[in-house]
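Colleague:
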Amino acid sequence: MILNKMCKPARTLTSITLVAVTTLGTGMAHAQTERLAFSGGPDGGTFQYFSNGIATRLSRTMAGVEVSNMASAGSVENLRRVNSRDADFGIVYSGDMYLGLTGKLTNDTRKYRNVQAMSYLYGAPAHLIVLDGSGITDVAQLAGKNIAVGPAGSGAAASAQRFFEGVGLWDKITPQYIGYNQGASALGDRQIDALWVFAGFPNASVIQAASSNKIRLLQVNEAAEKGTLFNDHPYYAAVTIPAGTYANVDYDVVTIQDSALWVAGRHLSEEKVRDSLQEIYSSDGLKFMSSVSQAAKSMSIDSGIMGIVTPMHDGAKTFWTEQGKTLTEAQQ
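Heads up: the sequence shown is residues -31 to -1, 1 to 301, going by mature numbering (1 follows the signal peptide of the UniProt record, and there is no 0).
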């Protein structure tokens, strides 16, 4: 009886010791893994494909790093999350970066200074579509017309307003705040005169519009250069949609684009950002990203810093300088 009573405390002590050792070991394992968050976009959207792809690749290949992918409403929410350190990485349009840094976002005068660019990912070009038989061949002819510009509050609608203000037409058109698919149908039914699509090409809604009617794409950049867009919004850049991208559009279309950028919080170390870029922009990394999204085919060392008009993270400056790139004054 006495022996049994003496043994019980010994077993209890052993159990406590094992739990303590296990807990300590788990804590040490956690301490060795740096957990980072990547804020992407809505499910099924291009932002989300990119953020999930980068997060997956970095988690697999960078020792001691685990990157989780976060769903998001998109560019502006990502800007705010990274700025407040609720996320470490994000995807933000160059325009929103510029406006956020200067306190000029719509209904938001806060200046987002904790967010810095890492690289260019892909461009979102403007498509301005009319029916080929409409007689409209120039942007100036859209005065007095009904134009679908995207849902209210969307990036497409915001870009449409900036463009049409820049060419002096915003007060002369009637914007219709409807989505791309609905807009393509409305164009075919002659319920609207033009459709504005702000997305990578080839775009499914433009293909839809071109499949049922012969369409024309207007030369957006030519109109923009005559107006104030590039002075008011320096983050827009010219881009060409090649002839043959859409049915019966057998000519190059020079338009404007905003750039989707990979961004990081200023709080991340220079080494971490440099190493992340090194991994993604390796030949294997770029090959992996191209398998994730067709839009990632625009990612390369050559295009790595295009479209960036705000300061870059120190780690990104180091990486791109090592690649032989000369940074602009705005990027520094």
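Beta carbons are placed, not taken as given, at the ideal position from N, Cα and C, and that holds for glycine.
1) Taking just the CA atoms, how far does TYR220 sit from SER259?
2) By DSSP, does VAL218 sit in helix, in strand, or in coil?
3) Taking 7 Å as the limit between beta carbons, can you name the residues of its chain near ALA264, skipping five residues before and five after?
4) Assign ARG79 to one of three DSSP states: helix, strand, or coil.
5) If you check the beta carbons only, do SER44 and ALA95 fall under 9 Å apart?
6) If we ignore side chains and look at the alpha-carbon of each, how far apart do ALA163 and ASN200 end up?
7) Using C-beta distances below 7 Å, list every residue in its chain close to ALA216, excluding the 5 sequence neighbours before and after it, in chain order.
8) For SER272, which residues from the same chain have a beta carbon less than 7 Å from its beta carbon, with the 5 sequence-adjacent residues on both sides left out?
9) The alpha helix (DSSP H) spanning TYR204 covers which residue range?
10) At the level of alpha carbons, what is the spacing between ALA40 and TRP289?
11) Rounding to the nearest angstrom, what Cα-Cα distance links VAL208 and HIS202 in this structure?
12) Please report the residue range of the alpha helix (DSSP H) in which ILE176 lies.
13) Around the Cβ of ARG243, are there at least 16 other Cβ atoms within 10 angstroms (buried) or fewer (exposed)?
14) Just grab the DSSP bridge partners of GLN145 for me.
15) Need the endpoints of the alpha helix (DSSP H) that LEU70 sits in, please.
16) Does the Cβ of ARG82 have 16 or more other Cβ atoms within 10 Å, making it buried, or fewer, making it exposed?
17) Name, in chain order, the residues that DSSP records as bridge partners for GLY234.
18) Starting from the C-beta of ALA109, find all residues in its chain whose C-beta is less than 8 Å away, skip the five residues before and the five after it, and write them out in chain order.
19) Would TYR18 pass as a contact of LEU230 if the rule is Cβ separation under 9 Å?
20) Does the beta carbon of LYS241 fall short of 8 Å from some heavy atom of the ligand ZN?
21) How would you call ALA(-12), buried or exposed, if buried means at least 16 neighbouring beta carbons within 10 angstroms?
22) What are the boundary residues of the alpha helix (DSSP H) that LEU138 is part of?
23) Can you tell me the Cα-Cα spacing of ASN150 and VAL84, whole angstroms?
24) Spatial neighbours of SER228 within its chain, please: C-beta separation below 6 Å, excluding the five flanking residues on both sides.
25) State the DSSP-derived secondary structure class of SER263, mapped to helix, strand or coil.
26) Quick one: using the 10 Å Cβ neighbour count with 16 as the cut-off for buried, is ASN52 buried or exposed?
27) If you compare alpha carbons, which of ILE105, ARG50, ALA125 and TYR204 is closest to LYS183?
28) Just the C-alpha distance for PHE7 and ARG159, rounded to the nearest angstrom, thanks.
29) Return the CA-CA distance between GLN130 and PRO120, expressed in angstroms with no decimal places.
30) In the DSSP output, what is PHE7 paired with across the bridge?
Modeller: This is what the structure gives:
1) Taking the sequence shown and counting its residues from 1, the one referred to as residue 259 is at position 290. Taking the sequence shown and counting its residues from 1, the one referred to as residue 220 is at position 251. In this structure, the straight-line span from the alpha carbon of SER259 to that of TYR220 is close to 27 Å.
2) As a working mapping, residue 218 is identified with position 249 in the sequence shown. Look at VAL218 here: in three-state DSSP terms it is coil, with no helix or strand label.
3) To locate residue 264, count along the sequence shown from 1; it is residue 295. Same-chain partners within the cutoff: THR15, TYR91 and GLY169.
4) For this step, residue 79 is matched to residue 110 along the sequence shown. Coil at ARG79, not helix or strand.
5) Looking up residue 44 in the sequence shown gives position 75. Looking up residue 95 in the sequence shown gives position 126. In this structure, ALA95 does not lie closer than 9 Å to SER44 by Cβ.
6) As a first step, residue 163 is located in the sequence shown; it is residue number 194 there, counting from the start. As a first step, residue 200 is located in the sequence shown; it is residue number 231 there, counting from the start. Distance between the alpha carbons of ALA163 and ASN200: 25 Å.
7) Within the sequence shown, the letter at position 247 stands for residue 216. Taken in chain order, the residues that qualify are ALA179 and SER180.
8) Taking the sequence shown and counting its residues from 1, one reaches residue 272 at position 303. Around SER272: TYR89.
9) For the purposes of this step, residue 204 is identified with residue 235 of the sequence shown, where counting begins at 1. Careful: TYR204 lies outside any alpha helix (DSSP H) and carries neither H nor E.
10) Taking the first residue of the sequence shown as 1, we reach residue 40 at position 71. Taking the first residue of the sequence shown as 1, we reach residue 289 at position 320. So the two alpha carbons sit approximately 29 Å from each other.
11) As a first step, residue 208 must be located in the sequence shown, where it is residue number 239. As a first step, residue 202 must be located in the sequence shown, where it is residue number 233. When rounded, the distance between both Cα atoms is 16 Å.
12) On the sequence shown, position 207 is the one that residue 176 refers to. The continuous alpha helix (DSSP H) containing ILE176 extends over residues 173 to 181.
13) To locate residue 243, count along the sequence shown from 1; it is residue 274. The residue is buried, with at least 16 neighbouring Cβ atoms inside 10 Å.
14) Walking along the sequence shown from the start, residue 145 turns up at place 176. In the DSSP secondary-structure assignment, GLN145 is bridged to ALA117.
15) What you label residue 70 is simply residue 101 of the sequence shown in a count that begins at 1. For LEU70, the enclosing alpha helix (DSSP H) stretches over residues 63 to 70.
16) The sequence position of residue 82 within the sequence shown is 113, counting from 1. Taking all protein chains shown into account, ARG82 has fewer than 16 neighbouring C-beta atoms within 10 Å of its C-beta and is therefore exposed.
17) To locate residue 234, count along the sequence shown from 1; it is residue 265. Looking at the DSSP assignment, GLY234 forms a beta bridge with VAL84.
18) Taking the sequence shown and counting its residues from 1, one reaches residue 109 at position 140. VAL136, LEU138 and ALA192, listed in sequence order.
19) As a working note, residue 18 is residue 49 in the sequence shown. As a working note, residue 230 is residue 261 in the sequence shown. Not a contact, by the Cβ cut-off of 9 Å.
20) Ligands are entirely absent from the displayed structure, and the ligand ZN is therefore not among its contents.
21) Taking the first residue of the sequence shown as position 1, residue -12 is located at position 20. Low per-residue confidence applies at ALA(-12): pLDDT is 37, beneath 50, and the placement is therefore not dependable, though the value from the model is reported in the following sentence. Result: exposed.
22) Translated into positions along the sequence shown, residue 138 becomes position 169. No alpha helix (DSSP H) holds LEU138; DSSP gives it neither H nor E.
23) Your numbering for residue 150 matches position 181 in the sequence shown. Your numbering for residue 84 matches position 115 in the sequence shown. Answer to the nearest angstrom: the Cα atoms are 33 Å apart.
24) The count along the sequence shown starts at 1 and reaches residue 228 at position 259. Here the set comprises SER63, TYR89, GLY92 and GLY276.
25) Within the sequence shown, the letter at position 294 stands for residue 263. The sequence given here places Gln at residue 263; Ser does not occur at that position. Correct three-state label for GLN263: helix.
26) Stepping through the sequence shown from its first residue, residue 52 is reached at position 83. ASN52 is buried by the Cβ-count criterion.
27) Along the sequence shown, one-based indexing puts residue 183 at 214. Looking at the Cα atoms, ILE105 is the closest of the given residues.
28) Indexing the sequence shown from 1 puts residue 7 at position 38. Indexing the sequence shown from 1 puts residue 159 at position 190. Each residue's Cα considered, the two are about 42 Å apart.
29) As a position in the sequence shown, residue 130 is number 161, starting the count at 1. As a position in the sequence shown, residue 120 is number 151, starting the count at 1. Going by the C-alpha atoms only, they are around 12 Å apart.
30) In the sequence shown, residue 7 corresponds to position 38, counting from 1. DSSP lists ASN38 and PHE58 as partners of PHE7.
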